[in-house]
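**Student:**
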Amino acid sequence: MKLPCSSTVIIGGLLAGAGSVQGAIQVSWDSTASIKQAASTLAHGMVKYYTGNVTGDVPGNLPAPYYWWEAGAMFSTLIDYWYYTGDTTYNSLVTQAMLWQTGPNADYMPPNQTKTLGNDDQAFWGMAAMSAAEARFPDPPADKPQWLALAQAVFNTQAPRWDTQTCGGGLKWQIFTFNNGYNYKNTISNGCFFNMAARLAKYTGNNTYSEWAEKSWDWTAAVGLMSPDYHFFDGSDDTLNCTQINHIQWTYNAGVYLYGAANMWNVTQDAGDATKAALWKARVTGMLTGLEVFFENKIMKEVACEDNGKCDVDQRSFKAYLSRWMAATTKVAPWTANTILPYLDTSSQAAVGTCKAGADGNQCGLRWSKGAVNDGSMGVGEQMAVLEVVQGRLIGQVQGPVTNSTGGTSKGDSAAGSNADDNPLQFDQITTGDKAGAGILTTLILVALFGGAWWMALK
Ligand SMILES: *[C@@H]1O[C@H](CO)[C@@H](O)[C@H](O)[C@H]1NC(C)=O
Ligand SMILES: *[C@@H]1O[C@H](CO)[C@@H](O)[C@H](O)[C@H]1NC(C)=O
Ligand SMILES: *[C@@H]1O[C@H](CO)[C@@H](O)[C@H](O)[C@H]1NC(C)=O
Ligand SMILES: *[C@@H]1O[C@H](CO)[C@@H](O)[C@H](O)[C@H]1NC(C)=O
Ligand SMILES: *[C@@H]1O[C@H](CO)[C@@H](O)[C@H](O)[C@H]1NC(C)=O
Ligand SMILES: *[C@@H]1O[C@H](CO)[C@@H](O)[C@H](O)[C@H]1NC(C)=O
1 MKLPCSSTVI IGGLLAGAGS VQGAIQVSWD STASIKQAAS TLAHGMVKYY TGNVTGDVPG
61 NLPAPYYWWE AGAMFSTLID YWYYTGDTTY NSLVTQAMLW QTGPNADYMP PNQTKTLGND
121 DQAFWGMAAM SAAEARFPDP PADKPQWLAL AQAVFNTQAP RWDTQTCGGG LKWQIFTFNN
181 GYNYKNTISN GCFFNMAARL AKYTGNNTYS EWAEKSWDWT AAVGLMSPDY HFFDGSDDTL
241 NCTQINHIQW TYNAGVYLYG AANMWNVTQD AGDATKAALW KARVTGMLTG LEVFFENKIM
301 KEVACEDNGK CDVDQRSFKA YLSRWMAATT KVAPWTANTI LPYLDTSSQA AVGTCKAGAD
361 GNQCGLRWSK GAVNDGSMGV GEQMAVLEVV QGRLIGQVQG PVTNSTGGTS KGDSAAGSNA
421 DDNPLQFDQI TTGDKAGAGI LTTLILVALF GGAWWMALK
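All residue numbers for the sequence shown refer to full-length UniProt numbering, where the first residue is 1 and numbers rise by one.
(1) Is there at least one non-hydrogen atom of ligand 3 closer than 6 angstroms to the beta-carbon of residue 308?
(2) Could you please give me the residues that DSSP links to residue 296 through a beta bridge?
(3) Pull up the distance between the alpha-carbon of residue 155 and that of residue 126, whole angstroms please.
(4) With a 10 Å radius around its C-beta and 16 neighbouring C-beta atoms as the bar for buried, classify residue 442 as buried or exposed.
(5) DSSP on residue 226, reduced to helix/strand/coil?
(6) Which residues mark the beginning and the end of the alpha helix (DSSP H) in which residue 260 is found?
(7) Can you tell me whether residue 269 sits near ligand 4, meaning its C-beta is under 6 angstroms from at least one heavy atom of the ligand?
(8) Which residues neighbour ligand 3 when neighbourhood means a C-beta less than 7 angstroms away from any of its non-hydrogen atoms? List them by chain order.
(9) Should residue 331 be listed as close to ligand 4, given that the test is whether its C-beta is under 6 angstroms from any heavy atom?
(10) Excluding sequence positions up to five away, which residues of its chain have a Cβ less than 7 angstroms from the Cβ of residue 212?
(11) Beta-carbon within less than 8 angstroms of residue 460's beta-carbon, same chain only, minus the 5 sequence neighbours each way: which residues are those?
(12) Keeping to the same chain, check which residues put their C-beta closer than 6 angstroms to that of residue 392; ignore five residues upstream and five downstream.
(13) How many Å lie between residue 468 and residue 98 at the Cα?
(14) Under 8 angstroms by Cβ, that's how I've got residue 361 and residue 382 pegged, so tell me the actual separation to the nearest angstrom.
(15) Who are the near neighbours of residue 412 in its chain, counting only those whose CB is closer than 7 angstroms to its CB and skipping five residues on each side?
(16) Given a cut-off of 7 angstroms on the beta-carbon distance, is the pair residue 320 and residue 388 in contact?
(17) Are the beta-carbon atoms of residue 348 and residue 390 separated by less than 7 angstroms?
(18) Does any heavy atom of ligand 2 sit closer than 6 angstroms to the C-beta of residue 112?
(19) Grab me the residues of residue 435's own chain with a C-beta within less than 6 angstroms of its C-beta, minus the 5 sequence neighbours each way, in chain order.
(20) Helix, strand or coil for residue 31? Go by DSSP, reduced to three states.
(21) In or out: residue 146 buried (at least 16 other Cβ within 10 Å) or exposed?
(22) Quick one: what does DSSP say residue 232 is sitting in, helix, strand or coil?
(23) Assign residue 30 to buried or exposed, taking buried as 16 or more other Cβ atoms, counted over all protein chains shown, within 10 Å of its Cβ.
(24) Go through the residues and name those whose CB comes closer than 5 angstroms to any heavy atom of ligand 6, in chain order.
(25) Is the beta carbon of residue 373 closer than 7 angstroms to that of residue 136?
(26) With 16 other CB atoms within 10 Å as the buried threshold, where does residue 363 fall?
(27) Shortest alpha-carbon distance to residue 25 belongs to which of 398, 386, 297?
(28) Can you name, in chain order, every residue of its own chain whose Cβ lies under 7 angstroms from the Cβ of residue 397, other than the five neighbours on each side?
(29) Could you check what DSSP says for residue 404 in three-state terms: helix, strand or coil?
(30) Classify residue 240: buried if its beta carbon has 16 or more other beta carbons within 10 angstroms, exposed otherwise.
(31) Once the 5 residues before and after residue 89 are set aside, which same chain residues still bring their CB inside 7 angstroms of it?
(32) Are the CB atoms of residue 384 and residue 358 nearer to each other than 7 angstroms?
(33) Between the region 258-266 and the region 307-319, do three or more beta carbon pairs fall short of 8 angstroms?
(34) Which of the three DSSP states is assigned to residue 188 in this structure?
(35) Give the list of continuous alpha helix (DSSP H) stretches no shorter than 4 residues that lie fully inside the region 277-343.
(36) Measure the Cβ-Cβ separation of residue 246 and residue 234 and say whether it is below 7 angstroms.
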């Protein structure tokens, strides 16, 4: 994730003529075909932004203003799209992009990105590969890196970055010392690592991953990035040894830990470890209550930035990930379904109501809880979020994630990525422009954007 310069924050309302309704999406929620049709329209509306399959463009990249990580997130949504609908329209586009961006060590550290790479950026691609393995998305050609091995490679590059010099552990946000944000230990980087560790534990049955998941969870709690009542905060400055916490809450942090914890329940339950299973069940249950902060009248909302109009390009996609992981949680921890599904029902209904803007009359907006109007904010993130929450309505009709012993076909390599070092393989001179773009210190910008606002006091 990248932090915007405050002057680049685009306030909803500048972008769209929000009037026309001719293409507005209608869904009959009791009809599978109708939900699939809506998902197809939404997916088409999202892929329209992608130019990586145009001759001369680079596969896997989204055009500005979208950062590289969000492209990885988008391909993950398209893997989900195939998983939920069976529609193969985008499969070859996804495979091309996912393989193009692996980098020479097949660990999602491509030289074109290493200069500004954060652990979270890399992990969004790693989690996409993990989803491909779990959903049995068609395996790449045998001479190419395989989905499971790619996820393991991302994990294997990140585990050695666990940093006990400060804060008693944790991953830093940035990988390289020369990047601003290197001194920030953020929750999403650690949450993605936890999420991947838990899913790798489930897929492979290898205990090393569950040990890392436990360690990562315990650290998140101990350092205070998660409260005792399961609220997840943004991060902490490691030059202060994480004694001060930035208390902003984002949907995707809650989501990434939820799905990881649900997987840990599944793993410990299947292993017959009643004590640990009870612990993870209590945590997941607590997290479901904690999630209520993100719902207004049971409609999902990015509380930190929707009402003040300050959601940046990244943040406008975050509801996609909470939607994705809430739906997926009901597969690995089936007892959560009665609590989760009503929230996804109301949210998806509200969300499609915003899809009535743009030239085709069906581009989605950001503020689902404000009635069936497009608030004028449109883009990949808005489109992806509505697509995830709508296609998630099909969760009851699909198989849960497979594992190596329940039909998974993706070939792993537990040593993948471990020969990589954290030196950028090649990078051009950091330009003034790059520095300025990334150049505002985390704390400063967050204080400037959000200082004193009410949600910082939310627990
Ligand atoms: C890129 O892929 C999309 C979706 O499959 C397709 O509609 C479009 O025609 C493709 N563009 C090119 C240049 O191949
Ligand atoms: C890296 O970026 C250059 C310049 O945009 C591009 O030509 C090249 O294809 C990219 N390489 C990869 C592997 O994406
Ligand atoms: C930094 O924080 C960790 C964990 O909270 C603690 O164990 C350690 O003693 C602290 N270091 C200093 C120098 O205060
Ligand atoms: C664990 O997850 C799988 C789906 O991956 C599901 O089929 C199974 O029922 C879950 N285990 C339990 C004990 O619910
Ligand atoms: C996955 O299963 C295959 C075949 O059952 C086995 O050969 C392989 O070692 C397993 N891989 C892991 C990581 O357990
Ligand atoms: C389990 O995973 C760890 C970490 O990647 C690896 O070092 C180890 O070899 C794996 N064990 C087995 C039995 O595959």
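Glycine residues also receive a C-beta, built at the ideal position from the N, C-alpha and C atoms.
**Tutor:** So, from the listed chains and residues:
(1) Because no heavy atom of ligand 3 lies under 6 angstroms away, the Cβ of residue 308 does not count as near it: no.
(2) The bridge partners DSSP lists for residue 296 are 299.
(3) A direct Cα-to-Cα measurement between residue 155 and residue 126 gives close to 8 angstroms.
(4) Reliability fails at residue 442, whose pLDDT of 39 lies under 50, so the model's placement of it is uncertain and the value that follows must be treated cautiously. So residue 442 counts as buried.
(5) Reduced to three states, the DSSP call for residue 226 is strand.
(6) Looking at the DSSP string, the run of the alpha helix (DSSP H) that includes residue 260 is 251-270.
(7) For ligand 4, at least one heavy atom lies less than 6 angstroms from the Cβ of residue 269.
(8) Checking every Cβ against the heavy atoms of ligand 3 under 7 angstroms gives 166, 167, 168, 222, 223, 241, 242.
(9) Under cutoff, so the answer is yes.
(10) Only 159, 197 meet the Cβ criterion.
(11) No answer is possible for residue 460: it lies beyond the span of the chain, which begins at 1 and ends at 459.
(12) Hits under 6 angstroms: 323, 327, 344.
(13) For the chain, the structure presents residues 1 to 459; residue 468 sits outside this window and is missing.
(14) Not really, about 15 angstroms apart at Cβ, beyond 8 angstroms.
(15) Excluding positions up to five away in sequence, the list reads 148, 149, 152, 204.
(16) A contact, by the Cβ cut-off of 7 angstroms.
(17) For residue 348 and residue 390, yes; Cβs fall inside 7 angstroms.
(18) Yes, the Cβ of residue 112 comes within 6 angstroms of a heavy atom of ligand 2.
(19) Because residue 435 carries a pLDDT of 34, less than 50, the predicted location of this residue cannot be relied on, and the following value inherits that uncertainty. If you ignore the 5 residues before and after residue 435, its C-beta comes within less than 6 angstroms of no other C-beta in its own chain.
(20) In the structure shown, residue 31 falls within a coil segment according to DSSP collapsed to helix, strand and coil.
(21) Flag for residue 146 reads buried.
(22) Residue state, collapsed to three classes: strand.
(23) Around the beta carbon of residue 30, fewer than 16 other beta carbons lie within 10 angstroms, which makes this residue exposed.
(24) Cβ atoms closer than 5 angstroms to ligand 6 belong to 206, 208, 414.
(25) Their beta carbons are not under 7 angstroms apart, which means residue 136 does not touch residue 373 by this criterion.
(26) Flag for residue 363 reads buried.
(27) The shortest Cα separation from residue 25 among 398, 386, 297 belongs to 386.
(28) These residues qualify, in order along the chain: 32.
(29) Three-state DSSP puts residue 404 in coil, outside helix and strand.
(30) Exposed, because fewer than 16 other Cβ atoms sit within 10 Å of the Cβ of residue 240.
(31) Answer for residue 89: no residue qualifies.
(32) No.
(33) Because the criterion of three Cβ pairs below 8 angstroms is not met, the region 258-266 and the region 307-319 do not touch.
(34) Correct three-state label for residue 188: helix.
(35) 318-332, all fully within the region 277-343.
(36) Yes, these two residues count as a Cβ contact at 7 angstroms.
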